[in-house]
Structure formats: structure tokens, C-alpha cells
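A.B. asks: For reference, the structure I am asking about is given below.
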């Protein structure tokens, strides 16, 4: 097979080398039409990026970065292990950065990583993330794959779970268990992840003709004590017969609030939570969960990043959706 | 106050600048006596390392590394948060590396960090750690603080907990609860951490005239399924009335083994475990724990590392021992 270089490819396309290079890197500065033209001819002519030139930028560090909100969150620690498994196969190192939900720290980490310290980034964004331009700037410089918590406004590969379907099924499960006053403990509401989870709940309520009630929808406060107080108030004032918590962190305050109010789970109130807690089956009562395939998501996201690192222009901007599992246990009466 | 440089300090001591420099870095190549002489005069003459020269090596990255076995272990994820709190105060970044108990990976990480990527290292060593020389080589190049799992053969600052006293107290607690056949689930037995925990158990057994029995001592296999099988066999063959697990990972297999054998905790067998599980109070039954001050240990270890980074020769090679807490819950009959 022939070996065509960037200059020859640009000549064949009647474009500048800079434009072709940007198109191959899938830059937002280049139109979709031009990108398509470039990618098609690159594929046809069997264009391979010059290894030494490309290595200068993309493969010198043999390191990738993982940027996540918290390692104490079981979902993320399991996802990291999936990422590391793939990185080891490629003889790569993994750096882990915690944002603690702070978007400024998140962008500061990413900017520092542009210095060549890493070849690519896997990120699950902070709940307060909002500045798209910062992400776009970084994506022009470095391959980034989003997982679980994604930024919808950015063109990049994303690995998520079926958030809408998960809460739809969990809500339906509670309704089938006899619940009619189902509270929703909302989180991540700035992100598509959180919006989809909430939408799944609302849709299941509507489809089953269960009345929606704003007083039953409680936003996450990012503080365990406050969450405990809000949940206790919810239980006292509104007397829900079912609760869905949209993140793991909100499940334990429900246990404590019920215990302190002498409410029996599941008799007085049923509970199901997004959770990757290893102890969920051993809790008193055991916790019904929406369990995301955290380890597999880490593996998938890392595998895609390595594909991009190897032949970056073959990877489309797509969203890969893995399925979560609903595990029914005592907290919903099973 | 006067400002004396390294050359003048060496002249005053009648030593080479290389020797003085090594003594200030606390190198193992320099005798304790010489180090003492150098440090005393350095202090007396108010010697401050030349900031630009020292920054070249020690402060250019504004990053520290944390090397730990697993982020999925609650102790470590909490310790990391303590480390990050201190790092943020110093405007430093934290890189997290997981060894998964592999000592080759551990040394490979440390060697890569020597390139100037970080200014210092906080490490809790892998359970299979054994090569002292590798550590000594790295300590000559970069400040390292050990926490929790330390290498006793290395002269460096260490932050640990009162491992001996903790298992001594936990064993005594089980004896006071009426246990006479107390099994010990051993782990980390290559490390002083594990050895001290085991010694505390043996001493408490002896001091209370409880017969020791080798069949009741089960080593950790580093694999959840194997641990479950070994614990089940222990429960069937030896019928212990109490169990101490020397790491958190061994507690959950005890719950599963008892459940599957229809043994009631605490009636048939009492259980206490080293653990930083947030869900310990909510388990069925709630778990009595030896809880290490993980967050505080991270803070202490990081604080010491920053002291060393700022004026490295003032910090002695000492071991700081923090106290763990015994929390009595239902699994020991409370």
C-alpha cells in the first residue's frame, strides 16, 4: 500500500495542510462537510499520520489522565479500575485527578495537562460544570473521552448509561410495589446525566397515571448533613411511600432519617437508589439499586481513547450507551 | 540575620559541599554524626537553601504523588482526601497511583516520578513489598513520607496508627464478650503493619489466658472468592466464637459465609474488623470496627511532606503514631 503524507493529502484535496490537519483532529473550526471529504480521501489513500511527528505530540508521555469528581464514590473507583486494566494492556500509566465537583479545578487540571504530560484524558465532569468554551479549547489540543457525566454541548466521544430508562424502570418498579407518593431525590441537574434521570422518573409517573407533586422533588445539597435534614423534613411533611435517589450519596441519609423517625423500610417507605455500593446486599434492609456497569464503562471509555490515540480520525463523535441493572432487594419489599 | 551559602557552610565545617548537601538531604551515605554536625551548624548560622537552586529540583512541579494499593479501599480514598486538603492549601496538585499490591509496579511508578514530575511522594506500600534497595535509591533523590503501610527498613518519616494496641483492644473486647475461640484473619504479614496487628492479637490472647490455636489463624489470599471459601471452611471445621479481621476486605466475606451457613452474628460468632466503611453502622448486623483516622493520617502525612519540601533538613526520621478507635456495634453484641 502507498504511503501518502499530510502535504500530499492536502494537495490532493486542494486544501491547506493546516486545514487538513485540523480536520483529521476533528477540530470544531472545520466544517462537517470538509471533515467528511478529508476523512474519506485519507482512508482511500491509506494515509497514516507520520509516526515521529505524531509521537512528538500524541505518544510521548505514555500516560493518560482520569478526571473525576471523587474517588470515595464507588462508581468512580470501580470505573478507574476498568480504565487501568486497559491502560496496562497498552503499557500506559494512569493519573487520577479529583475535582470535588469544582469546575474551576477541573479546567485548571485540564489546562495543566496540555503541557504534554498526558496523551489523552478521560473525564466525568463536575456537577457544576458549565463553561463549554474551556472544554472546546482543550479538545482541540488533546483527545478527550467523556464517561458517565458528559457535557452534551461538546462534540466528543461519550460513554454513558441508559439514565432515562433506568429511572423509568425504577419508578415503574416502585409503582408496581404499590407506591403512589414517590419522592425523587434529584442530583446532577445541571448535567444531561441528571436531566435524563429526572425525565425518566417523570415519564414513568405520567405513563402510570401517578400524580406528580413538586413537594416530593428534593434537590441534592452536596452536603450530607443538609441532605439528612431535607430528607427528614420530606418524610415528616409529605409522607412519601417510595423514594428514588438519583445518586448513591443520597441513599445513606435516607436510612438514617428513616431510622431516626422510626419509619420501617420497606413497610412505611420503599427505597431504590443509584448505587455501586459493595455492601448494598448486606445493609439493613438490603438496598434495591440501579447499578451502573462502572468497571465496564471505564474499560470502554479507555478502549475508545486508545483507538483515538492510535488512529484518531477513524473514531466518530458518538455516544456509547451501556445498560444499568435494576437489582430488587428488601428496601423495595423483595 | 546573615545569609550563608552552601559553600561557606561546607568551609566552616571543613567538609566538601557534596557531603554537606547530602547531609542536608539526610542521605544514607552520610554518617549520623556528620549529619548532626551539619544540621546543628546550619541551624546556628541560619542557612537557607538557595531558593533558585533548590526550586530547580524541589519546587518546580508543584505536584506531589500519592502511591497506594487501591482507591476502592475506603481507608485509602479517605486518606487521599486528607492529603488533597493540605495540598490545596499549598497550591499543589496531587497525582494518584494505584499499585494493586504489585511491588514491581510500585517501584516503576517511583522511578518514573524521579524525572521531576513531582516534588515528593506519599506512599502506603504494596503488601508484597520487599526490595529495600529500590526504596533507598529513590529516597536519595526525592522526599518520601510513608503512611499506614510502611517499610520498617527505610529511614524516612512514617505516619502509622497504633496497630498493636488496636488488635490488643479488639481481642480483649471479644474476650470480654465471652469469646474463647477467637479466629484471626491475617493480612499484610510481610509488612510491619500486619505483623504488629497480629502481635497485638497474640499478646491479648496470652494476657487473658486464652489458648492460641494455629487452626484459627487464616491468611488473606488477596481474592474475594478464596477468602469466602477459607472463612466458610474455618467456620465449619473450627467453629470459632469470635473473629477479628485485620483488613476491611475480609469483613464482607465473613457476612456472606455466616449467612450461607445460617450462622447468626453475633449470637453464634462475633465479628470485629479493621474498617473505614461508611456503611458499617447500617449493615445487618451493624459492624464493630477498628476505625483508623484515615483522613487525619492523610493530612498529617501531607503536612510533614510539605515541611520537608520547605526546609528539608529540619525534619527528623520519626514515626508519628495516630490512634484508631474501637467502635462497638451489633456484630459483637452491642
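Protein chains in written order, with the working numbering: chain A, 1 to 334; chain B, 1 to 334. Each residue gets a CB set at the ideal place from its N, CA and C atoms; glycine is no exception.
1. Along the stretch 245-274 of chain A, where does the CB come closer than 9 Å to a CB of chain B? Name the residues.
2. For residue 77 (chain A), return the contacting residues in chain B, with the cut-off set at a CB-CB distance below 9 Å.
3. Run through chain A and tell me which residues come within less than 8 Å of residue 112 (chain B), C-beta to C-beta.
4. With distances taken Cα to Cα, identify the nearest neighbour of residue 94 (chain B) among B:179, B:170 and B:81.
5. If we ignore side chains and look at the alpha-carbon of each, how far apart do residue 226 (chain A) and residue 85 (chain B) end up?
6. Need the endpoints of the alpha helix (DSSP H) that residue 198 (chain B) sits in, please.
7. Pull up the distance between the alpha-carbon of residue 131 (chain B) and that of residue 154 (chain B), whole angstroms please.
8. Please identify the residue among B:322, B:272 and B:300 whose C-alpha is closest to the C-alpha of residue 329 (chain B).
9. Between the stretch 273-298 of chain B and chain A, which residues of the former have CB atoms less than 7 Å from a CB of the latter, in chain order?
10. Could you pull out every residue in the same chain whose Cβ sits closer than 8 Å to the Cβ of residue 334 (chain A), ignoring the five residues on either side in sequence?
11. Which residues of the stretch 139-164 of chain A have a Cβ closer than 8 Å to any Cβ of chain B? Give them in chain order.
12. Indicate the three-state DSSP secondary structure (helix, strand or coil) for residue 17 (chain A) in the structure shown.
13. Given a threshold of 16 other Cβ atoms within 10 Å of its Cβ, counted over all protein chains shown, does residue 237 (chain B) qualify as buried or as exposed?
14. Counting only C-beta atoms, is residue 80 (chain B) closer than 8 Å to chain A at any point?
15. Leaving aside the five residues before and after residue 125 (chain A) along the sequence, list all residues of the same chain whose C-beta is less than 6 Å from its C-beta, in chain order.
16. List the residues of chain A that residue 133 (chain B) touches, going by C-beta distances under 8 Å, in chain order.
17. For residue 235 (chain A) and residue 258 (chain A), I'd like the C-alpha separation in whole angstroms.
18. Taking residue 84 (chain A) as the query, report the chain B residues whose CB atoms sit under 7 Å from its CB, ordered along the chain.
19. Name the DSSP beta bridge partners of residue 186 (chain A), please?
20. For residue 240 (chain B), which residues from the same chain have a beta carbon less than 7 Å from its beta carbon, with the 5 sequence-adjacent residues on both sides left out?
21. Please find out if some non-hydrogen atom of the ligand NAP comes closer than 7 Å to the beta-carbon of residue 104 (chain A).
22. Within 10 Å of its beta-carbon, does residue 249 (chain A) have 16 or more other beta-carbons around it, so buried, or fewer, so exposed?
23. Would residue 32 (chain A) and residue 158 (chain A) be called neighbours here (beta carbons separated by less than 8 Å)?
24. On a Cα-Cα basis, can you pick out the residue from B:223, B:170, B:213 and B:310 that is closest to residue 275 (chain B)?
25. Take the Cβ of residue 351 (chain A) as the centre, count every other Cβ of all protein chains shown within 10 Å, and call the residue buried at 16 or more, exposed below.
26. Quick check: the stretch 161-170 of chain B against the stretch 192-209 of chain B, are at least 3 beta-carbon pairs closer than 8 Å?
27. I'd like the list of long-range same chain contacts for residue 9 (chain A), defined as Cβ closer than 7 Å, with 5 residues on each side in sequence excluded.
28. Could you say which of A:121, A:212 and A:177 lies nearest to residue 141 (chain A) if we only look at CA atoms?
29. Determine the direct distance from the alpha carbon of residue 256 (chain B) to that of residue 173 (chain B), and round the result to whole angstroms.
30. Leaving aside the five residues before and after residue 136 (chain A) along the sequence, list all residues of the same chain whose C-beta is less than 7 Å from its C-beta, in chain order.
31. Residue 331 (chain A) to residue 310 (chain B), Cα distance in whole Å?
32. Given that a residue counts as buried once 16 or more other Cβ atoms are within 10 Å of its Cβ, and exposed if not, what is residue 291 (chain A)?
33. Just the Cα atoms here: how many angstroms apart are residue 68 (chain B) and residue 30 (chain A)?
34. Could you give the residue range of the alpha helix (DSSP H) that holds residue 133 (chain A)?
C.D. replies: Straight from the coordinates:
1. Of all residues in the stretch 245-274 of chain A, 252, 255, 256 and 259 have a Cβ within less than 9 Å of some Cβ in chain B.
2. Translated into positions along the first chain, residue 77 (chain A) becomes position 77. Near residue 77 (chain A) (Cβ distances below 9 Å), the residues of chain B are 70, 71, 72, 73 and 77.
3. Working through the second chain from its first residue, we reach residue 112 (chain B) at position 112. In chain order: 93.
4. Sequence index remark: in the second chain, residue 94 (chain B) carries index 94 (1-based). It is B:81.
5. Position 226 of the first chain, counting from 1, holds the residue named residue 226 (chain A). Position 85 of the second chain, counting from 1, holds the residue named residue 85 (chain B). Each residue's Cα considered, the two are about 22 Å apart.
6. Within the second chain, residue 198 (chain B) is the residue found at index 198, counting from 1. Residue range 192-207 is occupied by the alpha helix (DSSP H) that includes residue 198 (chain B).
7. Numbered from its first residue, the second chain carries residue 131 (chain B) at position 131. Numbered from its first residue, the second chain carries residue 154 (chain B) at position 154. About 10 Å.
8. Along the second chain, one-based indexing puts residue 329 (chain B) at 329. Of the candidates B:322, B:272 and B:300, B:272 places its Cα closest to the Cα of residue 329 (chain B).
9. Interface annotation for the stretch 273-298 of chain B against chain A: 277, 278, 279, 282, 283 and 284, criterion Cβ-Cβ distance under 7 Å.
10. The sequence position of residue 334 (chain A) within the first chain is 334, counting from 1. By the criterion of a C-beta distance shorter than 8 Å, residue 334 (chain A) is surrounded in its chain by 288 and 328, once the five residues flanking it on both sides are discounted.
11. Listed by position, the residues of the stretch 139-164 of chain A near chain B (Cβ gap below 8 Å) amount to none.
12. Looking up residue 17 (chain A) in the first chain gives position 17. In this structure, residue 17 (chain A) counts as helix in the three-state DSSP scheme.
13. The count along the second chain starts at 1 and reaches residue 237 (chain B) at position 237. By the 10 Å Cβ count, residue 237 (chain B) comes out exposed.
14. For this step, residue 80 (chain B) is matched to residue 80 along the second chain. Closer than 8 Å to some Cβ of chain A, the Cβ of residue 80 (chain B) qualifies, so yes.
15. Stepping through the first chain from its first residue, residue 125 (chain A) is reached at position 125. These residues qualify, in order along the chain: 149 and 151.
16. One-based indexing of the second chain puts residue 133 (chain B) at position 133. For residue 133 (chain B), there are no C-beta contacts with chain A under 8 Å, since the nearest C-beta of that chain is about 23 Å from it.
17. One-based indexing of the first chain puts residue 235 (chain A) at position 235. One-based indexing of the first chain puts residue 258 (chain A) at position 258. If you take the alpha carbons of residue 235 (chain A) and residue 258 (chain A), they lie about 8 Å apart.
18. Locating residue 84 (chain A) in the first chain gives position 84, counting from the first residue. Ordered by position in chain B, the residues that pass the 7 Å Cβ test against residue 84 (chain A) are 98.
19. Position 186 of the first chain, counted from the first residue, corresponds to residue 186 (chain A). Residue pairing of residue 186 (chain A) in beta bridges, as defined by DSSP: A:219.
20. By one-based count along the second chain, residue 240 (chain B) stands at place 240. Taken in chain order, the residues that qualify are 181, 182, 183, 216, 234 and 269.
21. Ligands in the displayed structure: none, and consequently the ligand NAP is not present.
22. Translated into positions along the first chain, residue 249 (chain A) becomes position 249. Here residue 249 (chain A) is buried, its C-beta having at least 16 other C-beta atoms within 10 Å.
23. Here residue 32 (chain A) is taken as the residue at index 32 of the first chain, counted from 1. Here residue 158 (chain A) is taken as the residue at index 158 of the first chain, counted from 1. No. Outside cutoff.
24. Mapped onto the second chain, residue 275 (chain B) falls at position 275. Out of B:223, B:170, B:213 and B:310, B:170 has the C-alpha closest to the C-alpha of residue 275 (chain B).
25. Here chain A covers residues 1 to 334 and nothing more, so residue 351 (chain A) does not appear.
26. As far as the Cβ criterion goes, the stretch 192-209 of chain B touches the stretch 161-170 of chain B, which means the pair count is three or higher.
27. In the first chain, the residue the question calls residue 9 (chain A) occupies position 9. The beta carbon of residue 9 (chain A) is closer than 7 Å to those of 20, 41, 42, 45 and 47 in its chain, skipping five residues each way along the sequence.
28. Counting from one through the first chain, the residue named residue 141 (chain A) turns up at place 141. Of the residues A:121, A:212 and A:177, the one whose Cα lies closest to the Cα of residue 141 (chain A) is A:121.
29. By one-based count along the second chain, residue 173 (chain B) stands at place 173. By one-based count along the second chain, residue 256 (chain B) stands at place 256. Within the model, the alpha-carbon separation for residue 173 (chain B) versus residue 256 (chain B) is close to 23 Å.
30. Translated into positions along the first chain, residue 136 (chain A) becomes position 136. Sequence-distant Cβ neighbours of residue 136 (chain A) in its own chain, meaning closer than 7 Å and more than five residues away, are 28 and 154.
31. Counting from 1 along the first chain, the entry for residue 331 (chain A) is found at position 331. Counting from 1 along the second chain, the entry for residue 310 (chain B) is found at position 310. Cα atoms of residue 331 (chain A) and residue 310 (chain B): separation of roughly 53 Å, rounded to the nearest angstrom.
32. Locating residue 291 (chain A) in the first chain gives position 291, counting from the first residue. Flag for residue 291 (chain A) reads buried.
33. In the second chain, counting from the first residue as 1, residue 68 (chain B) sits at position 68. In the first chain, counting from the first residue as 1, residue 30 (chain A) sits at position 30. In this structure, the CA atom of residue 68 (chain B) is about 43 Å from the CA atom of residue 30 (chain A).
34. Along the first chain, one-based indexing puts residue 133 (chain A) at 133. Unbroken alpha helix (DSSP H) run through residue 133 (chain A): 132-139.
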